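To start, the structure under review is shown below, and the notes come after it.
In full-length UniProt numbering, the protein residues as written are 1 to 716.
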């Protein structure tokens with residue numbers, strides 16, 4: 001399949017960011033006024049420098065990933081078909097709709113083609129705007145058509161440059177969040193540098209450009225920055241309203257661009273719920289955030305033609321349940337420690353019961369089954385019973401959905417990120433536990449408050465939210481490797497904030513009886529600077545080497561296949577094969593597909609399982625009947641799947657099909673007792689022998705080292 005080969009080429013410190021609590025010596029009025037004006041000017045200068053640094057680092061990140069993409073594929077030099085093949089699996093499917101909109105006779109015709117699409121799934125007409133999150137492709141294609149740039153910029157470059165540009169937004173949002181938490185832009189600088197030097201674990205945009213998460217995560221980072229600002233104290237009413245609007249817009253754009261938005265925001269809602277239960281966030285602001293999440297998701301639901309999967313999401317059920325439970329339990333935050341704990345347990349149980357009841361009711365009314373595969377996968381993953389379900393096992397066997405590999409922590413430790421993150425997380429968690437106990441007990445003893453004063457200062461509402469956020473998303477990343485990008489980017493923010501935070505260093509110095517305002521300032525700024533110098537010294541040469549390494553896209557077998565399809569099959573031909581390959585077939589040739597990688601539909605999942613019988617032990621008559629039921633004209637068999645060695649026994653695609661069909665797996669090893677031998681050999685192997693029982697239905701029309709294409713006979 002696709003490979004990459006070597007390219008063959010010819011011959012400071014900011015005053016005012018730290019606000020010490022010690023009393024200052026009394027000075028003459030003129031001196032105070034002069035210091036005040038000087039302080040304001042210094043703050044303006046500091047903010048300007050910090051802002052310029054944020055924008056500069058964001059733009060540098062965009063240029064960095066764009067250069068890596070170009071160097072890795074020689075994208076500017078390869079053919080159009082090779083560029084399109086480089087958008088692998090579902091990336092190619094999403095990009096195909098952008099291409100379709102660009103090539104349409106008019107914008108109206110392009111939109112009509114998406115709303116009434118009959119080429120993505122054969123013998124079915126589906127609404128692409130309802131089923132998939134492709135509004136970003138629609139918007140970009142319209143923008144490209146109306147802007148006077150067609151002569152200067154190819155559509156594909158407009159697309160990929162937009163994605164690389166969003167990386168600038170991403171880095172700036174991370175920078176600003178860290179700055180807001182610590183009060184110094186030095187922590188933002190450190191967060192951005194960590195994001196870049198840990199690129200392998202913080203982003204994969206340079207080789208999976210159209211992936212939905214690459215659109216969504218920059219908006220999620222903006223939303224986190226806006227929430228962090230919202231949770232700061234002493235905001236003016238106008239500031240608070242503008243921030244709420246920013247949170248809503250970021251939430252809406254995040255939800256619009258990624259089908260898994262509801263699960264990410266459910267974790268976010270759980271973080272808000274936990275903090276609100278322990279009285280660590282202002283209840284009014286938490287309520288607004290619940291409402292914003294619901295309203296943003298419902299607006300996306302309307303734009304996606306009332307997508308039932310959104311209406312049946314756990315997020316809407318959970319947020320509605322929390323708001324209802326609050327109305328029922330009005331005195332939740334009053335009483336003694338035991339009384340509060342009792343009310344809290346009752347509140348959690350009430351919210352849980354309401355969530356499950358509302359969600360089950362909605363799904364029953366809507367007859368919703370689109371997301372059942374996710375819950376089957378989660379049930380099997382966390383040990384609630386083994387399953388033979390094909391869809392669940394398909395996820396379980398993919399490395400991306402497995403546990404986070406241990407070598408991830410080794411890489412993160414090389415930049416000191418993981419060590420510092422654990423250090424800050426430990427201190428903040430202790431502070432959070434103390435504050436939660438204090439809030440629940442409601443103690444009014446002066447001595448107790450004086451003892452806890454340092455911890456109370458440590459964990460402000462914005463820091464408390466980011467603490468629970470990083471813990472919950474850390475748990476998600478540890479359980480599912482694909483979700484690590486949500487955690488590692490925020491890890492950069494959280495670690496840099498702690499390293500530059502007065503609230504972290506002050507209690508540490510007081511505990512060891514070394515606290516002075518001057519000493520704290522020196523540590524607060526010198527430690528991050530030393531860390532930055534270390535990162536620069538250790539990783540700058542590697543980054544330069546990486547940028548100078550030139551490779552070239554090389555996949556001649558797939559290129560040959562796509563060119564053959566375009567030249568030798570009618571435009572109306574229907575192709576069956578693996579989900580990943582068919583996405584490329586649609587993008588490169590425009591032919592009709594039987595199935596595709598966007599898996600959030602029960603009918604499509606069942607259809608895919610049926611199509612994949614080409615790799616199972618089934619009779620040629622059965623396979624022919626199945627393929628023809630979906631209008632198939634050609635079927636593409638891949639040796640890399642038929643003779644797969646990438647996965648171990650029990651996780652190969654052919655093994656999953658055998659188990660689902662009740663057949664014994666190939667090769668040495670144990671089988672479950674009730675599995676039986678199949679009456680037929682494996683279809684993808686046997687068809688190559690050109691036996692009469694196969695040639696009656698299938699005629700080989702194309703072959704190379706990787707692919708075999710068979711044309712189906714049309715029997716009367």
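Cβ coordinates follow ideal geometry from the N, Cα and C atoms, glycine included. Fair warning: this is a prediction, and the values are worked out from it, not measured in the lab.
- For the pair residue 100 and residue 257, the CB atoms are not nearer than the 9 Å cut-off.
- Between residue 294 and residue 261, the beta carbon gap of about 13 Å keeps them out of contact (Cβ cut-off 8 Å).
- Fully contained in the segment 351-398 is no beta strand (DSSP E) run of length 3 or more.
- Of the candidates 425, 187 and 363, 187 places its Cα closest to the Cα of residue 526.
- Fully enclosed alpha helix (DSSP H) runs of no fewer than 4 residues occupy 155-182, 185-197 and 199-202 of the segment 143-203, in order along the chain.
- Annotated as distal: residue 312 and residue 374, with beta-carbon spacing of 9 Å or more.
- Here residue 475 is exposed: its Cβ has fewer than 16 other Cβ atoms, across all protein chains shown, within 10 Å.
- Each of 662, 349, 133 and 333 was checked against the Cα of residue 321, and the nearest Cα belongs to 349.
- The beta-bridge partner set that DSSP reports for residue 574 consists of 592.
- Per DSSP, residue 486 is one residue of the alpha helix (DSSP H) stretching across 484-499.
- Rounded to the nearest whole angstrom, the CA to CA distance from residue 239 to residue 146 is 35 Å.
- When DSSP states are grouped into helix, strand and coil, residue 551 belongs to the strand group.
- Within the same chain, Cβ atoms closer than 6 Å to the Cβ of residue 84 are found at 587 and 588, the five residues on either side in sequence being excluded.
- Ranked by how close their Cα comes to the Cα of residue 634, the residues 624, 641 and 643 have 624 in first place.
- Excluding the 5 residues flanking it on each side, residue 220 has same chain C-beta neighbours closer than 8 Å at 250, 254, 264 and 486, in chain order.
- Residue range 707-712 is occupied by the beta strand (DSSP E) that includes residue 708.
- Per the coordinates, the alpha-carbon of residue 592 lies some 9 Å from the alpha-carbon of residue 576.
- Between the C-alpha atoms of residue 548 and residue 208 there is a straight-line separation of about 21 Å.
- Rounded to whole angstroms, residue 384 and residue 392 show a C-alpha spacing of 13 Å.
- Annotation: the continuous beta strand (DSSP E) that includes residue 701 extends over 698-703.
- Note that the segment 65-76 touches the segment 200-217; at least 3 beta-carbon pairs, one per stretch, sit closer than 8 Å.
- Going by C-alpha positions, residue 131 is about 23 Å away from residue 401.
- In the DSSP assignment, residue 638 forms a beta bridge with 707.
- Just so you know, the alpha carbons of residue 639 and residue 658 end up roughly 18 Å apart.
- Between the segment 108-125 and the segment 617-631, the count of Cβ pairs shorter than 8 Å is three or higher; the stretches touch.
- Relative to the Cα of residue 169, the nearest Cα in the group 86, 217 and 543 belongs to 217.
- Between residue 133 and residue 117, the C-beta spacing is not below 9 Å.
- Beta-bridge pairing by DSSP links residue 117 to 126.
- The C-beta distance from residue 167 to residue 61 rounds to 5 Å, short enough to meet the 8 Å contact threshold.
- Secondary structure at residue 602: helix, using DSSP grouped into helix, strand and coil.
- Of 467, 324 and 105, the smallest CA-CA separation from residue 352 is found for 324.
- Counting of Cβ neighbours within 10 angstroms places residue 214 among the buried residues, the total reaching 16 or more.
- Secondary structure remark: continuous alpha helix (DSSP H) runs of at least 4 residues inside the segment 312-343, in chain order: 314-328.
- As the crow flies, the alpha-carbon of residue 280 is around 14 Å from that of residue 230.
- Classified as buried, residue 415 has 16 or more neighbouring CB atoms from the shown chains inside 10 Å of its CB.
- For residue 340, the CB contacts under 6 Å within the same chain, skipping 5 residues up- and downstream, are 440 in chain order.
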